[in-house]
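Number of protein chains: 2
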Amino acid sequence: MDVRISDAELEVMEALWAAGQPLTAAEVAERIDADRGWTLATVKTMLSRLAAKGALKHREDGRRFLYSPAIKREDYVGHESRRFVERLFGGRLSPLVARLAEEDGLDEVDIAEIEALLKELKS
Amino acid sequence: MDVRISDAELEVMEALWAAGQPLTAAEVAERIDADRGWTLATVKTMLSRLAAKGALKHREDGRRFLYSPAIKREDYVGHESRRFVERLFGGRLSPLVARLAEEDGLDEVDIAEIEALLKELKS
DNA sequence: TCGGATCGCCTACAGATGTAATCGAAAGGA
DNA sequence: TCCTTTCGATTACATCTGTAGGCGATCCGA
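Sequences listed follow chains X and Y, in order.
Residue numbers for the first sequence follow the working numbering, so the first one is 444 and each next one is one higher.
Residue numbers for the second sequence follow the working numbering, so the first one is 444 and each next one is one higher.
Laid out in structure tokens, this is it:
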């Protein structure tokens, strides 16, 4: 169940998650940030690899495949977040908040949002 | 300046950061979590690669090297944290806090710590 | 019907990663 | 002075990642 998705593969997953509906390989390619400069071939490689990893499913539609995510974005993101906090902060969230706050300087909106969240949690 | 450190390499860096003083390859090996089950050869490979990447420095001590970090842990961690939040949360910290809160259920200590942090930031 | 477009599949290939073995030089004990 | 140990350097090798190209089959327009 622990699907590891590389940076390049994630780009493809994001396209599928954002689409909210099954897409063909060509459609996925259209939606990939043009800055990546990928050819269709590259997108197809990503799709195969993700399918092999079980990160997405495909259904046949005539000669083509319609691809859709096999895992929910929020599950994946939750998983990776835990891994990350574990890896660098011994599983504690507060040092991460501290570090980012110090580096980037959270703006007021951030602070307010997080405070609201925490208030919610306590109630 | 953007040193990428793999999972295995990080293990070695953590040993050096924790030591707080230069170590020989053998000493590093001793301090690596035994669960990894690494041979000395593996540790040496990691040390070479990290040196090649500029993540650590070595000074000669007779026939051996004394290794020490070339980057500060907090700098590395800050870098990776920003990358991570960028990659999965569009750079916003609050959704990350939200996600982890929902999954793990932050305990009261966490919540209190983060609130204290935020209070600090506002003042 | 036939030729180009398009599809998924297989292959390619360099660099990174995980995990080591080997090798020549040097150091140190017998 | 040798032999064993120990060092760093070099080499090994499978897997993963980034980035494609080519191939045989099929579909669609002329």
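Where is the CB? At the ideal position from N, CA and C, for every residue including glycine.
Since this is a predicted model, take the numbers as computed values, not measurements.
Residues bridged to residue i [DSSP beta-bridge criterion]
i: residue 466/X; result: 510/X
i: residue 503/Y; result: 508/Y
The alpha helix (DSSP H) enclosing residue i, as first and last residue numbers
i: residue 541/Y; result: 536 to 547
i: residue 557/X; result: 551 to 565
i: residue 449/X; result: Here residue 449/X belongs to no alpha helix (DSSP H), and DSSP marks it neither H nor E.
i: residue 515/X; result: Looking at the DSSP string, residue 515/X is not in any alpha helix (DSSP H), and its letter there is neither H nor E.
i: residue 498/X; result: Note, residue 498/X: premise wrong, no alpha helix (DSSP H); not H, not E.
Residue-level contact to chain X via CB, residue i, 9 Å cutoff
i: residue 565/Y; result: yes
i: residue 455/Y; result: no
i: residue 556/Y; result: yes
i: residue 511/Y; result: no
i: residue 520/Y; result: yes
Cβ neighbours of residue i in the same chain (closer than 7 Å, five flanking residues each side left out)
i: residue 516/X; result: 460
i: residue 536/Y; result: 528
Beta carbon proximity, residue i to chain Y, threshold 9 Å
i: residue 475/X; result: no
i: residue 547/X; result: yes
i: residue 445/X; result: no
i: residue 463/X; result: no
i: residue 527/X; result: yes
i: residue 497/X; result: no
i: residue 478/X; result: no
i: residue 541/X; result: yes
i: residue 449/X; result: no
Cβ neighbours of residue i in the same chain (closer than 6 Å, five flanking residues each side left out)
i: residue 531/Y; result: none
i: residue 499/X; result: 493, 510, 512 and 513
i: residue 452/X; result: 489 and 493
Same chain, Cβ closer than 8 Å to residue i, neighbours up to 5 away in sequence not counted
i: residue 481/Y; result: 472 and 475
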